[in-house]
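Residue numbers (our numbering): 26 to 310. What follows is one structure encoded as structure tokens, with my remarks underneath.
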Amino acid sequence: MTGATAPAAGGAAEPRPRKAAPIPATTGLRTGLETMADLARFSVRVVRDVPLALRLYPSEVLAQAGNLVRGSALIILFLIAVLALQSGVGGHFIFANPGINSYAGAIYSVALMRGLVEVIFGWIVAAKIGCGIVAEMGSMRINEEVDALDVMGLRSRAYLAGTRVAAAMLVLPFLFVTALLVQFQAGYLMSVHGMNTVSEGAFYEYLYLFQNLRDFITALIWGSVTGVMCVIVATFYGYNAKGGPVGVGESTARSMTVNLVLISALAVVFAQLFYGGTPNAPIGN
Numbered sequence: 026m027t028g029a030t031a032p033a034a035g036g037a038a039e040p041r042p043r044k045a046a047p048i049p050a051t052t053g054l055r056t057g058l059e060t061m062a063d064l065a066r067f068s069v070r071v072v073r074d075v076p077l078a079l080r081l082y083p084s085e086v087l088a089q090a091g092n093l094v095r096g097s098a099l100i101i102l103f104l105i106a107v108l109a110l111q112s113g114v115g116g117h118f119i120f121a122n123p124g125i126n127s128y129a130g131a132i133y134s135v136a137l138m139r140g141l142v143e144v145i146f147g148w149i150v151a152a153k154i155g156c157g158i159v160a161e162m163g164s165m166r167i168n169e170e171v172d173a174l175d176v177m178g179l180r181s182r183a184y185l186a187g188t189r190v191a192a193a194m195l196v197l198p199f200l201f202v203t204a205l206l207v208q209f210q211a212g213y214l215m216s217v218h219g220m221n222t223v224s225e226g227a228f229y230e231y232l233y234l235f236q237n238l239r240d241f242i243t244a245l246i247w248g249s250v251t252g253v254m255c256v257i258v259a260t261f262y263g264y265n266a267k268g269g270p271v272g273v274g275e276s277t278a279r280s281m282t283v284n285l286v287l288i289s290a291l292a293v294v295f296a297q298l299f300y301g302g303t304p305n306a307p308i309g310n
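Structure (structure tokens):
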């Protein structure tokens, strides 16, 4: 006997288990593309909400800016200093063996200032600031606090996402410049006093010989755009979180993954855009 049922031991018919329908191979790709499209639309809207947030919620913008400085500045500066110290150790063995110790200061103007600091800065912002934003806003979403803001007549996207992006635009450029100064001084301590690679005069001579105003402006734009981009991605995943506490955790992980990819892609674009045609150095031009 064939069909959808088979006789059981007692004579009753039991349904046969059916195989699950196969998931189309293009489903994951389509979902990813839709998410990227939603992220792009949200990014445009939240940037347009920044002036509105500054006008309607200036106290919240200042509060978020204070949270960024108080909660993230020290860890960012500490990790950038560690990066510079490690670079000083590596630079000692790179330049001391062939006898060109004087060029040790150029590490911080070329390798670090032209890409490495910006990428590490973005990673730290994505992990420390971005994941915190996703967790905070995601918790508000699943607890229906975002809906409550809409019911109260507040513009939830401008109040939650716009204020945080505005705070990032105010704080992160200054924080990045401070990080640059910290890495210069940490490199000085390691190369001059720690490893005795180079004298103080030679360190500063080659440090400034391999950089100019163009390099500083490029680094400032690069680092600021990277940091603000990480905050925008975090607000997107936090504002649109769903699925309870587990969903908030998944949104946090997704925001970090997307930020890592975007930081790397942005680094390639900026490196080719600003230094692909010319190294902007006293040698090789």
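All C-beta atoms in this analysis are idealised placements derived from N, C-alpha and C, irrespective of residue type, glycine included. Remember, it's a predicted structure, so these values are computed and weren't measured experimentally.
Asked	Found
Residue from Gly116, Val171, Phe67 and Met138 whose Cα sits closest to the Cα of Tyr128	Gly116
Inter-residue CB distance, Leu137 and Ser112 (contact presumed, cutoff 8 Å)	6 Å
Residues near Ile105 by beta carbon distance below 6 Å, same chain, minus five either side	Ala204, Val207 and Gln208
Through-space distance from Ala65 to Glu59, alpha-carbon basis	10 Å
Residue environment, Asp172, which counts as buried when at least 16 other CB atoms sit within 10 Å	exposed
Cα-Cα separation between Asn168 and Thr260, rounded to whole angstroms	17 Å
Closest residue to Ser68 among Val190, Val142, Phe201 and Ala90 (Cα-Cα distance)	Val190
Continuous alpha helix (DSSP H) assignments of at least 4 residues falling wholly in the region 50 to 123	52 to 81 and 83 to 121
Spatial neighbours of Asn155 in its chain, beta-carbon cut-off 8 Å, leaving aside the 5 residues before and after	It is worth fixing the name first, because residue 155 is Gly in this sequence and not Asn. Correct list, in chain order: Cys255, Val256, Val258, Ala259, Ser280, Met281 and Asn284.
First through last residue of the alpha helix (DSSP H) which encompasses Gln210	Thr188 to Tyr213
Closest by C-alpha distance to Asn122, when choosing among Phe241, Gly274 and Val223	Val223
Environment of Gly187 [buried if 16+ CB atoms lie within 10 Å]	buried
Backbone CA spacing between Val219 and Leu99 [nearest angstrom]	In the sequence as displayed, the identity of residue 219 is Gly instead of Val. Approximately 23 Å, taken between the alpha carbons.
Closest residue to Ala192 among Gly57, Val72, Gly140 and Ala62 (Cα-Cα distance)	Val72
Identity of the residue in Arg80, Arg70, Ala244 and Ala306 nearest Tyr264 by Cα	Arg70
Secondary structure of Ser289, DSSP reduced to three states	helix
Residue interval of the alpha helix (DSSP H) (run including Ile242)	Leu238 to Tyr264
CB-CB length for Ala306 against Gly140, believed under 8 Å	That pair is no contact at about 14 Å.
Length of the line joining the Cα atoms of Gly157 and Ala244	25 Å
Three-state secondary structure (DSSP) of Arg180	coil
Gly163, enclosing alpha helix (DSSP H) - first and last residue	Cys156 to Ile167
Environment of Leu298 [buried if 16+ CB atoms lie within 10 Å]	exposed
Rounded C-alpha distance that separates Leu110 from Leu54	42 Å
Cα-Cα separation, Leu174 to Met215	51 Å
Through-space distance from Phe228 to Pro304, alpha-carbon basis	20 Å
Per-residue burial, Thr52 [other beta carbons within 10 Å of its own, 16 or more giving buried]	exposed
Own chain, CB closer than 6 Å to Ala266, minus 5 neighbours either side, in chain order	Gly163, Arg166, Gly272, Val273 and Ser276
Coarse secondary structure for Ala296, derived from DSSP in three states	helix
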